[in-house]
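Undergrad: Handing you this structure, nothing more for now.
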């Protein structure tokens, strides 16, 4: 089923996709999966796996995709440094802060 390409939501989501495509380094399979997700009418800030970050907020599609397909750490946290690094909890399906882990 294709989403209504004339809808405002679809146009906003496609514009966000093009902006992310320019700014965020990603592989061709990641880009293709993200494009399919957006073309189906979904927002970039949602994911089908319901993965959450350490604050309990949903990860965007690309972050969740990378986790689902084997990227347990990724470039989205590289600037934080080891003292702020969070840990992925497989049972809870979200990141937990280092303080809660120890």
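Numbering (full-length UniProt numbering), first residue to last: 1 to 102.
Just so it is clear, CB atoms sit at the ideal spot from N, CA and C, and this is done for glycine as well.
Find the nearest neighbour of residue 11 within the set 23, 28, 94, 38, judged by alpha-carbon distance.
TA: 38
Undergrad: Going by alpha carbons, who is nearest to residue 51 out of 24, 62, 13?
TA: 62
Undergrad: In whole angstroms, give me the CA-to-CA distance for residue 65 and residue 30.
TA: 8 Å
Undergrad: Can you tell me whether residue 57 is buried or exposed? The criterion is at least 16 other CB atoms within 10 Å of its CB, across all chains shown.
TA: exposed
Undergrad: Let's see if you can read the secondary structure: which residues bound the alpha helix (DSSP H) around residue 26?
TA: Run containing residue 26: none; DSSP gives neither H nor E here.
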